[in-house]
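Here's the structure we're looking at; comments come further down.
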Amino acid sequence: MENRSFDHMLGWMKRLNPEIDGVDGSEWNPTSTTDPSATRVYFKDGAQYVDPDPGHSFEAIREQVFGSNVTSASPPPMNGFVQQAASMSSKMPEAVMNGFPSEMVAVYESLVSEFAVFDRWFAAVPASTQPNRMYVHSATSHGATSNDATQLALGYPQRTIFENIDDAGLSFGIYYQNIPAVLFYRNLRKLKYAAKFHPYDHAFKDHAAGGTLPNYAVIEQRYMDTKDQPATDDHPSHDVYRGQMFIKEIYETLRAAPQWNETLLVITYDEHGGFYDHVPTPVRGVPNPDGILGPSPSKFNFDRLGVRVPTIMVSPWIEKGTVVHGPNGSPTPTSEYEHSSITATMKKIFNLPSPYLTKRDAWAGTFEGIIGRTEPRTDCPVQLPTPVKIRKTEANEEAMLSEFQQELVQLASVLNGDHRTSDFQNVIKKMNVGHGSAYVESAVKRFLEAGMAAERLGVDGEQIVKI
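Residue numbers (the numbering used here): 1 to 467.
This is the structure in structure tokens:
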């Protein structure tokens, strides 16, 4: 899921369970971090539909976390959210300093009560969407702290958990809607993996009902917001109601499936999206994954984490109402839960013989311990509550693409061969959401069909189709 902080989505669930490190309304940020008499803006429970998108660039996050460009504070004060938001618009501070009361996100309210919530899970890097998504499957962003159009076109070269799983003789699958963002990894564009990609609407429920879900399944959200197919990723300005309905559908599909007693569902967010969180970001003892530095001028060393994000885990093997605070000094005294924890835990659960992907997943906390019951529960709810509708209007298909959506269209242009056209970057910048949605879906369909056709003709599976 996309661009929401823990406090924004789950912080007020402390009212339901005081063990959760959430909020009580005493949390605040000053309007200026350099003025001792600045007005205090307190965190409230009045979150609504958010438009436009709060700031979440590398530079914006630095200001939110440290209150300035100086990053030496340990722990960081987490006092610059209001100041940074106000630099964007006068109404933005109110948006970033509000969270949802639990009844507004009823699906999460139920899952937090019934299964496990992690209240110390951080974004892997203090940056935007794509760098953090890279860490989920490869434990590095290969030096990226933002969108790099050239690298996106080439495809990121690092090894992923998908390859380790495949090499071990296990199965994986990606269930996508508009476009599978994992195709930013160059290796996943190989012919031998083309059949691993499945349209969510056509395949997920069938595979679940038939008991044929793979060992490792990734479910990608709908990233483009159209009237007929609203976005489900929670990225502002998208409707959180749609994201809640998406999670509800996934849960209820898995709950009714014959593989339910073999299932662990991990729900997490790439990064905080500029929304306030009160828990200090870890800034000490975090290893650079691969020795690669970020681009100039910061040359970031990838030695501190991003802001805390919502993470919920679901399984009949999890005790009801579990709250996980941290990895408790394992595997190292400074280890934390972050996105690299997923690859680290998959290595343990599947007993993968491949080495860790990077120094980061070797360091990250693992969560296999939450599935510690001696037998699966039989009291897990069959259905989840229907959430509250938040947005009062239809999707705006005429809206210009967000930065993230432009990156996805950039990826689609590579799959479709259009990136070689000299003016296509300008075309992307002028493209609206409706056109972008149609374009990426057509490009993905064409690319995957070409890959499977080439494989049927006996082309080496290590090759990548170039259209």
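Glycine is no exception: its CB is placed at the ideal position from the N, C-alpha and C atoms.
Using the C-alpha atoms, what's the distance from residue j back to residue i?
{"i": "TYR223", "j": "ALA231", "result": "5 Å"}
{"i": "ARG159", "j": "MET134", "result": "11 Å"}
{"i": "GLY55", "j": "GLY372", "result": "39 Å"}
{"i": "PRO376", "j": "PRO316", "result": "5 Å"}
{"i": "GLU27", "j": "LYS91", "result": "19 Å"}
{"i": "GLN151", "j": "GLY321", "result": "43 Å"}
{"i": "TYR216", "j": "SER37", "result": "53 Å"}
{"i": "GLY294", "j": "THR129", "result": "15 Å"}
{"i": "PRO331", "j": "VAL324", "result": "16 Å"}
{"i": "ALA124", "j": "ILE390", "result": "29 Å"}
{"i": "GLY329", "j": "THR345", "result": "16 Å"}
{"i": "LEU384", "j": "MET313", "result": "15 Å"}
{"i": "PRO282", "j": "ARG304", "result": "6 Å"}
{"i": "ALA209", "j": "ASN301", "result": "45 Å"}
{"i": "GLU262", "j": "LEU411", "result": "34 Å"}
{"i": "ALA153", "j": "ALA127", "result": "20 Å"}
{"i": "THR71", "j": "ARG62", "result": "7 Å"}
{"i": "PHE204", "j": "ILE179", "result": "15 Å"}
{"i": "GLY243", "j": "ILE464", "result": "33 Å"}
{"i": "PRO18", "j": "HIS278", "result": "16 Å"}
{"i": "LEU457", "j": "ALA95", "result": "54 Å"}
{"i": "VAL65", "j": "GLU397", "result": "34 Å"}
{"i": "GLU441", "j": "PRO77", "result": "43 Å"}
{"i": "GLN84", "j": "TYR49", "result": "20 Å"}
{"i": "ASP460", "j": "GLY326", "result": "45 Å"}
{"i": "VAL444", "j": "GLY25", "result": "46 Å"}
{"i": "SER296", "j": "ASN69", "result": "15 Å"}
Could you name the residues of the same chain whose beta carbon sits closer than 7 Å to that of residue i, not counting the 5 residues immediately before and after it, in chain order?
{"i": "GLY436", "result": "MET224, LEU401, GLN405, VAL409"}
{"i": "TYR200", "result": "TYR175, TYR176, GLN177, ILE219"}
{"i": "ASN147", "result": "GLN130, GLU403, GLU407"}
{"i": "PHE197", "result": "ILE174, TYR176, PRO180, LEU448"}
{"i": "ASP418", "result": "PHE424"}
{"i": "GLU114", "result": "LYS320, CYS380, PRO381"}
Less than 8 Å between C-beta atoms, sequence neighbours within five positions excluded: which residues of the same chain meet that for residue i?
{"i": "MET13", "result": "ILE20, GLY22, SER102, TYR108, GLU109, VAL112, VAL117"}
{"i": "HIS142", "result": "MET134, GLN151, TYR156, PRO157, GLN158, ASP290, ILE292"}
{"i": "VAL382", "result": "GLU252, ARG255, ALA256"}
{"i": "GLN259", "result": "ALA208, GLY211, LEU213"}
{"i": "ASP53", "result": "ASN3, HIS235, PRO236, SER237, GLY273, GLY274, SER402"}
{"i": "ALA86", "result": "THR31, MET92, PRO93"}
{"i": "LYS348", "result": "THR366, GLU368"}
Taking C-beta to C-beta, are residue i and residue j nearer than 7 Å?
{"i": "VAL218", "j": "ILE165", "result": "no"}
{"i": "ALA530", "j": "LEU10", "result": "Since the first and last residues shown for the chain are 1 and 467, residue 530 lies out of range."}
{"i": "GLY365", "j": "PHE122", "result": "no"}
{"i": "VAL309", "j": "PHE58", "result": "no"}
{"i": "LEU170", "j": "PHE350", "result": "yes"}
{"i": "PRO280", "j": "PRO30", "result": "no"}
{"i": "ALA47", "j": "GLY99", "result": "yes"}
{"i": "GLN221", "j": "ASP233", "result": "yes"}
{"i": "VAL182", "j": "LEU191", "result": "no"}
{"i": "ASN132", "j": "GLU271", "result": "yes"}
{"i": "GLY80", "j": "THR39", "result": "no"}
{"i": "PRO172", "j": "PHE184", "result": "Sequence inspection shows Phe at residue 172; the Pro mentioned does not correspond to that position. It is not a contact, given that the beta carbons lie outside the stated cut-off."}
{"i": "TYR241", "j": "PRO387", "result": "yes"}
{"i": "LYS248", "j": "GLU394", "result": "no"}
{"i": "ARG15", "j": "TYR337", "result": "no"}
{"i": "ILE318", "j": "ILE370", "result": "yes"}
{"i": "ALA399", "j": "VAL433", "result": "yes"}
Near residue i, which residues of its chain fall below 6 Å by C-beta distance, leaving aside the five closest residues on each side in sequence?
{"i": "MET97", "result": "VAL41, PHE43, TYR276"}
{"i": "TYR269", "result": "MET1, ARG4, VAL309, PRO310"}
{"i": "GLY285", "result": "THR334"}
{"i": "ALA139", "result": "PRO289, SER340, THR343, LEU357, THR358, ARG360, ASP361"}
{"i": "LEU352", "result": "ASN164, ALA168"}
{"i": "VAL266", "result": "MET313"}
{"i": "HIS496", "result": "As shown, the chain starts at 1 and ends at 467. That puts residue 496 outside it, with no answer to give."}
{"i": "MET88", "result": "GLY55"}
Across which residues does DSSP place residue i in a beta bridge pair?
{"i": "TRP28", "result": "TYR42"}
{"i": "ARG308", "result": "PHE122"}
{"i": "LEU265", "result": "VAL314"}
{"i": "ASN432", "result": "MET400"}
{"i": "TYR337", "result": "TRP121"}
{"i": "VAL440", "result": "Answer is none; VAL440 lacks a bridge partner."}
{"i": "VAL468", "result": "Residue 468 lies beyond the residue range present for the chain, which begins at 1 and ends at 467; the question has no answer from this structure."}
{"i": "ILE464", "result": "LYS190"}
Counting only beta-carbon atoms, is residue i nearer than 7 Å to chain C?
{"i": "THR322", "result": "The chain labelled as chain C is not found in the depicted structure, where only one protein chain is given."}
Going by the C-beta, is residue i closer than 6 Å to any heavy atom of the ligand NAD?
{"i": "VAL286", "result": "Looking for the ligand NAD in the displayed structure turns up nothing, as the structure carries no ligands at all."}
**Request:** Output the residue ranges of the alpha helix (DSSP H) runs that lie fully inside the stretch 58–136 and measure 4 residues or longer, sorted by chain position.
**Result:** 58–66, 81–86, 92–96, 106–114
**Ordered list of alpha helix (DSSP H) runs contained in the stretch 141–199, each at least 4 residues** = 149–154, 161–167
**Message:** As an exercise, report each continuous alpha helix (DSSP H) stretch of at least 4 residues that is fully enclosed by the stretch 203–254, in chain order.
**Reply:** none
**Request:** Please list the segments of the alpha helix (DSSP H) lying wholly inside the stretch 375–424, counting only runs of 4 or more residues, in order along the chain.
**Result:** Within the stretch 375–424, the complete alpha helix (DSSP H) runs of at least 4 residues are 403–416.
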